[in-house]
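Novice:
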Amino acid sequence: MISVVRNVAIDCADAYGLARFWSEVTGWPLEPDNRPGDPETQVPLGEGPVLYFNQVPEAKTVKNRIHLCLRPDTSRDREVERLLALGAALVADHRNPDGTGWAVLSDPEGNEFCVLRGDDDHAPARP
């Protein structure tokens with residue numbers, strides 16, 4: 002017997018608004034029937050799990066005990082800049098001069114996530 006991860010649930014104050022942010026981050030659209038003001042909203046990630054946003058009355062108060070780690074299809078630094086422009090905030094910068102490391106960002110409601118090295122960061126150097 003096994004269990005399959007179906008959803009990654011994210012408690013939030015504005016389910017639709019936060020789902021729109023994560024839709025832009027991942028490039029996957031919201032469920033077609035989701036509307037502004039819906040207390041539950043979803044971003045299906047293709048063959049993977051669903052990002053499920055659940056509106057709750059209490060605010061976020063402490064650091065996440067679980068978080069998403071993103072590996073961009075471009076460079077880490079370009080992706081960090083794109084995500085900052087979408088409304089993310091830089092929480093901690095663990096990028097190293099040799100190109101290793103990661104950046105910790107937060108979404109518009111303060112949920113932390115990491116941006117790892119991307120595809121371009123792992124590409125072999127061109128002569």
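When we follow my numbering, the leftmost residue of the sequence shown carries the number 2, and every step to the right adds one.
For glycine and all other residues, C-beta sits at the position ideal for the given N, C-alpha and C.
#1: If you check the beta carbons only, do Ala89 and Val9 fall under 9 Å apart?
#2: Which whole runs of the beta strand (DSSP E) in the stretch 63-95 are 3 residues long or more, in chain order?
#3: Which same chain residues end up closer than 7 Å to Pro30 when comparing Cβ atoms and leaving out the 5 residues on each side of it in sequence?
#4: Cβ of Asp122 within 9 Å of Cβ of Arg83?
#5: Name, in chain order, the residues that DSSP records as bridge partners for Tyr53.
Specialist: Well, looking at it:
#1: no
#2: Listed in chain order, the complete beta strand (DSSP E) runs (minimum 3 residues) inside the stretch 63-95 are 69-71, 90-94.
#3: Cβ contact annotation for Pro30 (same chain, cutoff 7 Å, sequence separation greater than five): Ser24, in chain order.
#4: no
#5: Ala10, Gln43
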